[in-house]
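**Student:** Residue numbers (numbering that gives the first Met the number 0), protein chains in the order written: chain A, 0 to 347; chain B, 0 to 466. We put the beta carbon where it would ideally sit given N, CA and C, even for glycine.
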Amino acid sequence: MLSGELFALSVLTVFIFVLLTFLLGYLLIRKARENRSRKRIKQYKENYKASVYDYLVTGDSSRLLRPSGKERKLAIEELLSDFSNVLEGEDEKKNLSNYATLYLTETYRSYLKSRQWSKRMNTLFLIEDLYMDGLAEDVKKNIVDHPRVTKEEVVQALSILARFKNSELYYYIDLKSEQLLEFDLRTILRRVEDDEFNVFLDNFKKEAPALQYAVVEKIGNSKDIESISFLESIYQEYKGEIKIRALKAIVKIGYVNDITDYLPLCESSSWQERMLVARLLKIEQDQRSQNCLKKLLHDESWWVRSQAGESLASFQDGFEILTTITQESQDAYARDMANEWLNKGVIT
Amino acid sequence: MDLQTIIQLYAWGIAIYMIIVITFYTVILFFSTLQVRKQYRLNRTEPYENYLDESFTRPISVIVPAYNEEAGVVQSVRSLLTINYPEFEIIVVNDGSKDQTLTIMLEKYEMVKIDKVVRKQLQTEEVQAIYQSKILPNLYMIDKKNGGKADALNAGLNVSHYPYFCSIDGDSVLESDAFLKVMKPIIDSGEDVIASGGSVRIANGCDIRNGSLVKIGLSNAPIVVMQVIEYLRAFLMGRIGLSRHNLLLIISGAFGVFSKHWVLEAGGYKRNTVGEDMELVVRLHCLIKEKGLKKKIVYVPDPVCWTEVPESFGVLRSQRRRWHKGLFESLWSHRKVTFNPKYGAIGFVSFPYFWIVEFFGPIVELSGYLFILFTLFSGGVYIEFAILLFLLSALYGSVFSMASVLLEEWSLRKYPKVSDIVKLFLFALTETLWYRPLTVLWRCEGIWQIIRRDHSWGEMKRKGVSK
Numbered sequence: 000m001l002s003g004e005l006f007a008l009s010v011l012t013v014f015i016f017v018l019l020t021f022l023l024g025y026l027l028i029r030k031a032r033e034n035r036s037r038k039r040i041k042q043y044k045e046n047y048k049a050s051v052y053d054y055l056v057t058g059d060s061s062r063l064l065r066p067s068g069k070e071r072k073l074a075i076e077e078l079l080s081d082f083s084n085v086l087e088g089e090d091e092k093k094n095l096s097n098y099a100t101l102y103l104t105e106t107y108r109s110y111l112k113s114r115q116w117s118k119r120m121n122t123l124f125l126i127e128d129l130y131m132d133g134l135a136e137d138v139k140k141n142i143v144d145h146p147r148v149t150k151e152e153v154v155q156a157l158s159i160l161a162r163f164k165n166s167e168l169y170y171y172i173d174l175k176s177e178q179l180l181e182f183d184l185r186t187i188l189r190r191v192e193d194d195e196f197n198v199f200l201d202n203f204k205k206e207a208p209a210l211q212y213a214v215v216e217k218i219g220n221s222k223d224i225e226s227i228s229f230l231e232s233i234y235q236e237y238k239g240e241i242k243i244r245a246l247k248a249i250v251k252i253g254y255v256n257d258i259t260d261y262l263p264l265c266e267s268s269s270w271q272e273r274m275l276v277a278r279l280l281k282i283e284q285d286q287r288s289q290n291c292l293k294k295l296l297h298d299e300s301w302w303v304r305s306q307a308g309e310s311l312a313s314f315q316d317g318f319e320i321l322t323t324i325t326q327e328s329q330d331a332y333a334r335d336m337a338n339e340w341l342n343k344g345v346i347t
Numbered sequence: 000m001d002l003q004t005i006i007q008l009y010a011w012g013i014a015i016y017m018i019i020v021i022t023f024y025t026v027i028l029f030f031s032t033l034q035v036r037k038q039y040r041l042n043r044t045e046p047y048e049n050y051l052d053e054s055f056t057r058p059i060s061v062i063v064p065a066y067n068e069e070a071g072v073v074q075s076v077r078s079l080l081t082i083n084y085p086e087f088e089i090i091v092v093n094d095g096s097k098d099q100t101l102t103i104m105l106e107k108y109e110m111v112k113i114d115k116v117v118r119k120q121l122q123t124e125e126v127q128a129i130y131q132s133k134i135l136p137n138l139y140m141i142d143k144k145n146g147g148k149a150d151a152l153n154a155g156l157n158v159s160h161y162p163y164f165c166s167i168d169g170d171s172v173l174e175s176d177a178f179l180k181v182m183k184p185i186i187d188s189g190e191d192v193i194a195s196g197g198s199v200r201i202a203n204g205c206d207i208r209n210g211s212l213v214k215i216g217l218s219n220a221p222i223v224v225m226q227v228i229e230y231l232r233a234f235l236m237g238r239i240g241l242s243r244h245n246l247l248l249i250i251s252g253a254f255g256v257f258s259k260h261w262v263l264e265a266g267g268y269k270r271n272t273v274g275e276d277m278e279l280v281v282r283l284h285c286l287i288k289e290k291g292l293k294k295k296i297v298y299v300p301d302p303v304c305w306t307e308v309p310e311s312f313g314v315l316r317s318q319r320r321r322w323h324k325g326l327f328e329s330l331w332s333h334r335k336v337t338f339n340p341k342y343g344a345i346g347f348v349s350f351p352y353f354w355i356v357e358f359f360g361p362i363v364e365l366s367g368y369l370f371i372l373f374t375l376f377s378g379g380v381y382i383e384f385a386i387l388l389f390l391l392s393a394l395y396g397s398v399f400s401m402a403s404v405l406l407e408e409w410s411l412r413k414y415p416k417v418s419d420i421v422k423l424f425l426f427a428l429t430e431t432l433w434y435r436p437l438t439v440l441w442r443c444e445g446i447w448q449i450i451r452r453d454h455s456w457g458e459m460k461r462k463g464v465s466k
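1. My guess is that S258(B) and G196(B) are in contact by the Cβ rule of under 8 Å, so how many angstroms apart are they, rounded?
2. Is the segment 87 to 99 of chain A touching the segment 47 to 58 of chain A, taking contact as three or more C-beta pairs under 8 Å?
3. Indicate whether at least one CB of chain B lies closer than 7 Å to the CB of K324(A).
4. Distance, Cα to Cα, Y254(A) vs I218(A)?
5. Compute the distance between the beta-carbons of P361(B) and R442(B), then report whether it is under 7 Å.
6. Could you please tell me which residues of the segment 118 to 140 of chain A, in chain order, have their CB closer than 7 Å to any CB of chain B?
7. Quick one, are the C-beta atoms of A128(B) and T100(B) less than 7 Å apart?
8. Using a cut-off of 7 Å between C-beta atoms, extract the partners of T186(A) located in chain B.
9. When you compare each of G71(B), V116(B), I449(B), T4(B) to L341(A) by their alpha carbons, which one comes out closest?
10. Under 8 Å, with one C-beta from each stretch per pair, do the segment 44 to 51 of chain B and the segment 132 to 139 of chain B reach the 3-pair mark?
11. My output table needs one value for P136(B): the three-state DSSP class, helix, strand or coil.
12. Would you say K41(A) faces chain B, with C-beta separation under 7 Å as the test?
13. Using a Cβ-Cβ cut-off of less than 9 Å, give me the residues of the segment 385 to 407 of chain B that come near chain A, in sequence order.
14. Residue range of the beta strand (DSSP E) that S211(B) falls in?
15. Do you know how far the Cα of N153(B) is from the Cα of I222(B)?
16. Quick check on I186(B) - is its C-beta less than 7 Å from some C-beta in chain A?
17. Within 10 Å of its beta-carbon, does P162(B) have 16 or more other beta-carbons around it, so buried, or fewer, so exposed?
18. Along the beta strand (DSSP E) that carries I355(B), what are the first and last residues, could you check?
19. Round the Cβ separation of I345(B) and V356(B) to the nearest angstrom and send it over; I've been treating them as touching at under 8 Å.
20. Could you name the residues of the same chain whose beta carbon sits closer than 6 Å to that of R499(B), not counting the 5 residues immediately before and after it, in chain order?
21. Under the rule that 16 or more other beta-carbon atoms within 10 Å means buried, what is I89(B), buried or exposed?
22. Which residues, in chain order, does the segment 95 to 106 of chain A contribute to contact with chain B at a C-beta distance below 9 Å?
23. Start and end of the beta strand (DSSP E) containing C285(B)?
24. Can you tell which of I186(B), G240(B), V227(B) has the C-alpha that lies nearest to the C-alpha of C205(B)?
25. With DSSP as the reference, please indicate the residues paired to D206(B) in a beta bridge.
26. Here's a check: name, in chain order, each residue in its chain whose Cβ is nearer than 7 Å to the Cβ of T347(A), leaving out the five neighbours to either side.
27. By alpha-carbon positions, which one of S198(B), S332(B), N83(B) ends up nearest to T272(B)?
28. Given a limit of 7 Å on CB to CB distance, which residues of the segment 17 to 30 of chain A reach chain B?
29. Using the three-state DSSP reduction, which class does L231(B) fall into: helix, strand or coil?
30. Please say whether L210(A) and I187(A) have beta carbons closer to each other than 7 Å?
31. Where do the ends of the alpha helix (DSSP H) carrying V51(A) lie?
32. Do we get a CB-CB distance below 7 Å when we pair M336(A) with the residues of chain B?
33. In three-state DSSP terms, what is S148(B)?
34. With burial defined as no fewer than 16 other Cβ atoms inside 10 Å of the residue's Cβ, what is the status of F359(B): buried or exposed?
35. If we call anything under 7 Å between Cβ atoms a contact, is L428(B) one with S397(B)?
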């Protein structure tokens, strides 16, 4: 009665059993080969380490190792990548780049065309690490201009162009701007050096908000006091988020031309602006700052109160001011906050 | 209808159920394989270098709820301190422990009581004191009255300073790049990802010293190896597949990062529930859908948190009963989501999956086992059918288990020895003989407890994973 079904089930059982056996076989062979290969690569790395290091330091081409075979190449590649993280001198870096260019260019050129996403990504990472600027055109052609490209690849490719000081960087960023988030732009911009960065400053007004934020962020991170006027002009001319970003960058740099320009922020309707001015007022510790901070210690926002407390605590007579507030203020939140900052001194 | 027809119909009912489940698993496996294969051999450190810059990442508050964790809490904190991440704070919440958890922490990390203004955004049991370490200013300890894990997490949330927080169990050990990896999708998405969960692996059998993982190993205890297989399957197969389509309902309580803003918006952790982690994720999903937002909850296969699992049948039994009760509570309290068009794929795929496969699955399976037993004793033509069904279920389970091992080999490659694979394979084959029926039985016990309204939790005894 059930013979048809029984037959089907038996076939299925045998099929699954065979599938499992194949799977196990594949996994075992794979693991064993992988372990063996890893061991050999480790050995090659050990053998080549001294020679590669000698070449990188002296640049003596008679010491050049000619890697042949996949595992040897991988060993050299890993060694170069390890060294690229620790080498400091310009000559050494140049030697490293020459070495990689000589032996790895063709391999990487073909990898950039690979259909496998992870292979293309790994290659992009290595091109940057090993400073293979000869591949910049390939990166543009096979990655940035290619239709199948993913966002991760675009970011990494543009980071490479930034590091190689490529003159077309701004053009490409503009081209891909819809795809890129602020974080991506920051990642790319952190590699851009002064001369190339000026293009971004010159075009600031017409840039998309995400790029404007990234530019301002970079200035803040560089703590470059000469850029203060640029930031202050943004603070004066713009409203909303970009104004807040400029303020943040100014706070990071820790210098202003005239604190009076910022005092009106004590009355701002945005809590972020009030918090940032509370932070900024640490710089100019005079009576006007003190009055503003005392007011902000009674603010409705916890963040503003906390920041005002911190700034007041940094004043020379901060202890007395905060003590007075704990004793005289009608506002329980302000008293609590003043108390917290009075006791902050226990732990630094 | 005669008995024979009834039995035949019954057998076919089970077979159809099996086909549905297998189809679902196969589809999920397909998507997981695509995802893992895409990242095959991708460099594991390079993509994270940009995230090590302080001004690029968002700081994280790490909340460690601790109830009677004297055996492992110090090592756990030590493990957290070695984390490779630009800015974070650690908040240990002593949830009214009856052992020496508080004293040990105060002594080891030279903690002193501080006056701290707390933004009480969530209601919790009374906080008795807040301490800060003199040697590590980013280490805090909250001492509060006992209120359960969810309450402890809420108290930690009130005290936390940063926009993202990570909840982590007191007995877990994190790999050093875990935060970087779990935060990457949040940062990459421009904060469209509001929660991100990492892989949890089993620490039993590994060599862990002073809160750091020294060597990965596979335990010799069959019950642990079976759980290893189970975890691989759940994380590498299930979660990758579900996460791809924003269908994830679980972020393991052992390790996950959440946006504080959205968790507060959702009302924090729900108290008096067994599965507070799943409950929160479901609530976040509901919030996203109700507000019509494009936010996502994702799973990252890479970051690894090592945690201790039960080595005795008794503890495993109560854990599984508890999990099943937690699953029911989450599904039941959000039952309006099931097949509700307002909730999209969550209502039409995730919820039905969790109801049919995860929750009612054990009942169907148990009845399947009973059916096999029945036919064995009653004899007749069904015996071949029963044996074949049994063989098939044993083998298909093993196929999924081994496929997970394959995914692990393609992605993380954590287990170093060839013999580990053989061991995983052999144990996977025996799963249907003993482990599966046992867990099915325990989960059915969970359902029975729900029916009887038995709210006992069952204790998890820990010996501490670190030497």
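**Tutor:** According to the data block:
1. Numbered from its first residue, the second sequence carries residue 258(B) at position 259. Numbered from its first residue, the second sequence carries residue 196(B) at position 197. Between G196(B) and S258(B) the Cβ distance is about 13 Å, and since that is not below 8 Å, they are no contact.
2. yes
3. Here residue 324(A) corresponds to residue number 325 of the first sequence, with the count starting at 1. Here the sequence assigns Ile to residue 324(A), which means Lys is not the residue at that position. No, because no Cβ of chain B sits closer than 7 Å to the Cβ of I324(A).
4. Here residue 254(A) corresponds to residue number 255 of the first sequence, with the count starting at 1. Here residue 218(A) corresponds to residue number 219 of the first sequence, with the count starting at 1. Taking the straight line from one Cα to the other gives about 13 Å.
5. As a first step, residue 361(B) must be located in the second sequence, where it is residue number 362. As a first step, residue 442(B) must be located in the second sequence, where it is residue number 443. Their beta carbons are under 7 Å apart, which means P361(B) touches R442(B) by this criterion.
6. M120, N121, F124
7. In the second sequence, the residue the question calls residue 128(B) occupies position 129. In the second sequence, the residue the question calls residue 100(B) occupies position 101. No.
8. The count along the first sequence starts at 1 and reaches residue 186(A) at position 187. Result: N49.
9. Translated into the one-based positions of the first sequence, residue 341(A) becomes position 342. Checked all of G71(B), V116(B), I449(B), T4(B); the closest Cα to L341(A) is V116(B).
10. no
11. Along the second sequence, one-based indexing puts residue 136(B) at 137. In this structure, P136(B) counts as coil in the three-state DSSP scheme.
12. In the first sequence, the residue the question calls residue 41(A) occupies position 42. So, not an interface residue.
13. L387, L388, L390, L391, L394, Y395, S397, V398, M401, A402, V404, L405
14. Reading the second sequence from its first residue, position 212 is the one you call residue 211(B). Segment 211 to 214, the beta strand (DSSP E) holding S211(B).
15. Here residue 222(B) refers to the residue found at position 223 of the second sequence. Here residue 153(B) refers to the residue found at position 154 of the second sequence. I222(B) and N153(B): Cα-Cα distance of roughly 34 Å.
16. One-based indexing of the second sequence puts residue 186(B) at position 187. Yes, I186(B) counts as interfacial toward chain A.
17. Against the second sequence, residue 162(B) aligns to sequence position 163. P162(B) should be labelled exposed.
18. Here residue 355(B) refers to the residue found at position 356 of the second sequence. Element bounds for I355(B): n/a, residue is neither H nor E.
19. Stepping through the second sequence from its first residue, residue 345(B) is reached at position 346. Stepping through the second sequence from its first residue, residue 356(B) is reached at position 357. The pair is not a contact, with the Cβ atoms about 15 Å apart (cut-off 8 Å).
20. With chain B covering only 0 through 466, there is no way to say anything about residue 499(B).
21. Within the second sequence, residue 89(B) is the residue found at index 90, counting from 1. I89(B) is buried by the Cβ-count criterion.
22. none
23. Reading the second sequence from its first residue, position 286 is the one you call residue 285(B). Not the beta strand (DSSP E): C285(B) falls in the alpha helix (DSSP H), residues 275 to 289.
24. By one-based count along the second sequence, residue 205(B) stands at place 206. Here the closest residue by C-alpha is V227(B).
25. By 1-based counting over the second sequence, the position of residue 206(B) is 207. BP columns for D206(B) point to K214(B).
26. Indexing the first sequence from 1 puts residue 347(A) at position 348. With a pLDDT of only 46 at T347(A), under 50, the local geometry of the prediction cannot be trusted, and the value read off the model is given with reservation. Nothing meets the Cβ criterion.
27. As a position in the second sequence, residue 272(B) is number 273, starting the count at 1. Closest by alpha carbon: S332(B).
28. L18, L19, L22, L23, L26, L27, R29, K30
29. Along the second sequence, one-based indexing puts residue 231(B) at 232. Three-state result, L231(B): helix.
30. If you number the first sequence from 1, residue 187(A) lands on position 188. If you number the first sequence from 1, residue 210(A) lands on position 211. Against a cut-off of 7 Å, the Cβ pair of L210(A) and I187(A) comes out as no contact.
31. Counting from 1 along the first sequence, the entry for residue 51(A) is found at position 52. From DSSP, the alpha helix (DSSP H) with V51(A) extends over 2 to 57.
32. In the first sequence, counting from the first residue as 1, residue 336(A) sits at position 337. It does: the Cβ of M336(A) has a partner Cβ on chain B nearer than 7 Å.
33. Residue 148(B) sits at position 149 when you count from the first residue of the second sequence. The amino acid occupying residue 148(B) in the given sequence is Lys; Ser does not appear at that position. It is helical.
34. Within the second sequence, the letter at position 360 stands for residue 359(B). With fewer than 16 Cβ atoms within 10 Å of its Cβ, F359(B) is classed as exposed.
35. As a position in the second sequence, residue 428(B) is number 429, starting the count at 1. As a position in the second sequence, residue 397(B) is number 398, starting the count at 1. Yes, these two residues count as a Cβ contact at 7 Å.
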